[in-house]
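Quick notes on the structure that follows.
Numbering (my numbering), first residue to last: 1 to 190.
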């Protein structure tokens, strides 16, 4: 697999981990099991039945928990490190460089970074929804996040370079939103 495709695949799946930690891992494992993608050496276990079952149960619990109004905000506090770890692992499972050090370094920076940026965006969105609707709008946000995880995961597998472009566009939106919020909240005299 050429480097642009493998990076697009890894970063796309990693960014999807920022929406839902376990769903992209399950999609990747199922795609590898079905022969739609080939993971790098040492990650074949992700397509094995025990791993798929474990990730499927974790995914169902995660998705369900995000529909409980007070629990969704609590989950956001632990989702960031979990998303970064999952993003790094799925990126490492898909980025082929020929050097394990380079692969893991690239996976940590691009995969972990993409997952962190998306997770930051979803946390901001959920916080705004909680403030605006007293949590009543959060199930809509949760449904959109799950859809984003599914869509981005499938896009990464089908069209990895397009997924990479989508992640870059999403990252620009999140960074711009964070900068705008920081500017609005800055006191007038500073």
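Each residue gets a CB set at the ideal place from its N, CA and C atoms; glycine is no exception. All figures in this text were calculated on a predicted structure; none of them were measured in a lab.
Same chain only: Cβ atoms within 7 Å of residue i, ignoring 5 sequence neighbours per side
i	result
residue 84	112, 115 and 116
residue 36	157
residue 133	none
residue 76	123 and 126
residue 164	7, 8, 11 and 12
residue 56	26
Cα-Cα separation, residue i to residue j
i	j	result
residue 136	residue 97	46 Å
residue 93	residue 67	30 Å
residue 124	residue 69	15 Å
residue 168	residue 43	26 Å
residue 53	residue 46	10 Å
residue 106	residue 170	19 Å
residue 90	residue 131	33 Å
residue 18	residue 126	13 Å
residue 7	residue 178	26 Å
residue 182	residue 41	43 Å
residue 175	residue 34	36 Å
residue 99	residue 78	31 Å
residue 121	residue 59	20 Å
residue 199	residue 147	Absent from the structure is residue 199, since the part of the chain shown begins at 1 and ends at 190.
residue 150	residue 144	10 Å
Three-state secondary structure (DSSP) of residue i
i	result
residue 72	helix
residue 37	coil
residue 29	helix
residue 22	coil
residue 43	coil
residue 163	helix
residue 171	helix
residue 48	coil
The alpha helix (DSSP H) enclosing residue i, as first and last residue numbers
i	result
residue 6	3 to 19
residue 142	138 to 158
Residues near residue i in its chain [Cβ-Cβ closer than 8 Å; skip 5 each side]
i	result
residue 153	12, 13, 16, 23, 24, 27 and 28
residue 39	28, 32, 46, 47, 93 and 94
residue 80	116, 119, 120 and 123
Other residues of its chain near residue i: CB distance less than 6 Å, five sequence neighbours each side excluded
i	result
residue 5	160
residue 104	92
Sequence ranges, alpha helix (DSSP H) only - wholly within the stretch 63 to 133, length at least 4: 69 to 94, 100 to 106 and 113 to 133
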